[in-house]
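All the letters of the sequence shown, read from the start, carry residue numbers -19 to -1, 1 to 137 under mature numbering (1 follows the signal peptide of the UniProt record, and there is no 0).
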Amino acid sequence: MMKKAIFTIFVLISLQLSAQNVEVVKFSDLQKKMLYTEAPLTVFNFWATWCGPCIKELPHFDNLESNNNNVKVYLVSIDFQNELERVQKFVSKKSLQSDVLFLDEKDPDDYMGKVSQEWSGAIPATLFVTDLGKTYFHEKAFTKEELEKTVKKYLN
């Protein structure tokens, strides 16, 4: 009986440790992360599970933070509100290591202009924020090389 209980606890802990959490946030929470950056360069990549170009570039962003101590990455899902479970499964399947935020907002028009006046609503979209408060917005997909070059530019 005791062995069974210990085994069950071990399995539950293992599952919890291996599962990447998806943090559900309101835009006001996201705005705070944009204002109070944790690194010389903080990157907010806006994506969705149904966006092919987004999915293609996600590994580049996911590897960015682990390869550079001066960069903090947030992968911000703008999937529909009823798709949280889908996002959680996707993140787990892809073994994403970056912080994944699920933006819990009904109307993209309420937050897009606050992220950047340049944002037409297309994704993928990325906001780079320096520790000096400078922001740079890109509404496009990045190749690995383009992303590395852009990060290097904004860190200097």
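In this text, a Cβ means the ideal position worked out from N, Cα and C, and glycines have one as well.
Which of helix, strand or coil DSSP assigns to residue i
| i | result |
| --- | --- |
| I(-11) | Interpretation of I(-11) is limited by its pLDDT of 45, a score under 50 that renders its predicted location unreliable; the figure taken from the coordinates is listed afterwards. Of the three classes helix, strand and coil, the one that applies to I(-11) here is helix, per DSSP. |
| E126 | helix |
| residue 176 | Residue coverage of the chain in this structure runs from -19 to 137, which leaves residue 176 outside it and unanswerable. |
| T116 | strand |
| L77 | coil |
| K14 | helix |
| K134 | helix |
| K121 | coil |
Contact under 8 angstroms by Cβ, residue i with residue j
| i | j | result |
| --- | --- | --- |
| A106 | F27 | yes |
| S101 | F118 | no |
| D85 | P21 | no |
| L77 | L136 | no |
| V132 | T23 | no |
| S67 | T30 | One detail in the question is off: residue 67 reads as Arg in this sequence, not Ser. It is a contact, given that the beta carbons lie within the stated cut-off. |
| Q62 | K95 | no |
8 angstroms Cβ cutoff, residue i in contact with chain D
| i | result |
| --- | --- |
| M15 | Among the chains of the structure shown, chain D does not appear; only one protein chain is present. |
Inter-residue CB distance, residue i and residue j (contact presumed, cutoff 8 angstroms)
| i | j | result |
| --- | --- | --- |
| V5 | F83 | 5 angstroms |
| L11 | V57 | 7 angstroms |
| F42 | V54 | 5 angstroms |
| E99 | E126 | So it is not a contact: roughly 23 angstroms between Cβ atoms. |
| I59 | P34 | Wrong, their Cβ atoms sit about 14 angstroms apart, outside the cutoff. |
DSSP bridge partner residues for residue i (one or two, in chain order)
| i | result |
| --- | --- |
| T30 | Paired residue(s): none; T30 is not in a bridge. |
| K53 | T23 |
| E46 | DSSP, once it has assigned bridges, lists no residue as partnering E46. |
| V3 | V81 |
> Taking only runs of the alpha helix (DSSP H) that begin and end inside the segment 84 to 112, which ones reach a length of at least 4 residues, in chain order?
Replying inline: 93 to 96
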